[in-house]
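Colleague: Sharing a structure with you now.
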Amino acid sequence: MSRSRYKFGEDYRPYFMTDTIVAWLPVFSYPAFTDIVFDSWRFLQNQREIEILGFVVLENHLHWVAVGPQIGKRVGEFKSFTATQIFGKMKQMGYRTLLQEFEFFKLRHKVDQKHQLWQEGSHPRVIESDDVMWQKLEYMHNNPLRRGYIDDPLHWRFSSARAYARQPSIIDVCTDWM
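Counting from 15, one number per residue, gives the positions in the sequence shown under our numbering.
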């Protein structure tokens with residue numbers, strides 16, 4: 015029996031995804047860890063033909079829309095690589111308590127690893143129309159606003175809102191899907 019009703023299907027269709035840190039721990043409050051996410055996305059763009067159509071990174075989860083070949087496999091690689099890199103950076107920076115939390119919250123069946131960064135699954139949802147795409151972009155870009163972090167979505171650095179406003183963005187975003 016399947017563990018989730020959310021699955022990747024066809025390649026070359028855009029998917030809206032949510033990736034959440036275990037126990038909602040605020041990992042992305044640390045710039046060194048958000049840098050790893052953006053470097054990993056750049057790798058996917060430059061080396062794996064993945065186009066990122068939108069994103070937002072908050073302190074304990076991220077939403078993104080991406081399209082490309084073998085998208086499900088690439089998302090798995092992204093999560094595995096970022097976890098390895100973030101745990102390595104935590105060790106390097108001496109964040110023992112945080113590492114202990116990731117060991118504590120690791121699911122029991124994850125026997126091949128000491129820690130777990132990401133909750134299982136990315137809850138991929140295929141985007142079937144421009145209307146749904148705009149809905150997902152608006153949801154992502156307004157997420158920091160709804161949390162009271164900012165007064166304007168363009169003020170959130172870790173979002174594609176600036177790219178859609180034709181302003182400099184922290185990462186390249188494909189906005190010409192329209």
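Think of the CB as a built atom: it goes at the ideal place given N, C-alpha and C, for glycine as much as any other residue.
Just curious, the alpha helix (DSSP H) that TRP78 is in, first and last residue?
Modeller: Taken as a continuous stretch (DSSP letters only), TRP78 belongs to no alpha helix (DSSP H), being part of the beta strand (DSSP E) at 75-81.
Colleague: Kindly give me the distance between the Cβ atoms of GLN106 and ILE50, rounded to whole angstroms, as I take these residues to be in contact under 8 Å.
Modeller: The Cβ separation is near 12 Å, so there is no contact.
Colleague: Would you kindly report the start and end of the unbroken alpha helix (DSSP H) that includes TYR163?
Modeller: From DSSP, TYR163 is part of no alpha helix (DSSP H); its letter is neither H nor E.
Colleague: Taking HIS137 as the reference, give the member of ASP190, ILE85, VAL41 with the closest Cα.
Modeller: It is ILE85.
Colleague: What are the start and end residues of the alpha helix (DSSP H) that includes GLY102?
Modeller: 85-107 is the extent of the alpha helix (DSSP H) around GLY102.
Colleague: Closest to VAL36 by CA distance: which of HIS169, PHE22, ASN60, LEU76 is it?
Modeller: Considering only alpha carbons, the answer is LEU76.
Colleague: ILE66 and TRP78: beta carbons closer than 8 Å?
Modeller: Yes; because the gap between Cβ atoms is below 8 Å, this pair is in contact.
Colleague: Give me the Cα-Cα distance between LEU112 and TYR29, rounded to the nearest whole angstrom.
Modeller: Distance between the alpha carbons of LEU112 and TYR29 is about 31 Å.
Colleague: What separation, rounded to the nearest whole angstrom, lies between the Cα atoms of LEU151 and ASN74?
Modeller: Approximately 19 Å, taken between the alpha carbons.
Colleague: Thinking C-alpha only, which one of PHE52, PHE69, HIS155 is nearest PRO167?
Modeller: Looking at the Cα atoms, HIS155 is the closest of the given residues.
Colleague: What is the rounded straight-line gap between the Cα of GLY102 and the Cα of ARG139?
Modeller: Approximately 31 Å, taken between the alpha carbons.
Colleague: Report buried or exposed for TRP132, applying the criterion of at least 16 other Cβ atoms within 10 angstroms of its Cβ.
Modeller: With 16 or more other Cβ atoms within 10 Å, it is buried.
Colleague: Indicate whether at least one CB of chain C lies closer than 8 Å to the CB of ASP53.
Modeller: Within the model displayed, chain C is absent; a lone protein chain is all it includes.
Colleague: Taking PHE92 as the reference, give the member of ALA177, ASP53, GLY162, GLN149 with the closest Cα.
Modeller: Comparing Cα positions, the closest option is ASP53.
Colleague: Between the Cα of LEU121 and those of TRP38, GLU134, MET104, PHE22, spot the shortest distance and give me the residue it belongs to.
Modeller: It is GLU134 whose Cα lies nearest to the Cα of LEU121.
Colleague: Label TYR109 either buried or exposed according to how many other C-beta atoms from any shown protein chain fall within 10 Å of its C-beta, with 16 as the threshold for buried.
Modeller: By the 10 Å Cβ count, TYR109 comes out buried.
Colleague: Using the Cα positions of TRP170 and GLU142, report the straight-line distance between them to the nearest angstrom.
Modeller: Whole-angstrom Cα-Cα distance: 27 Å.
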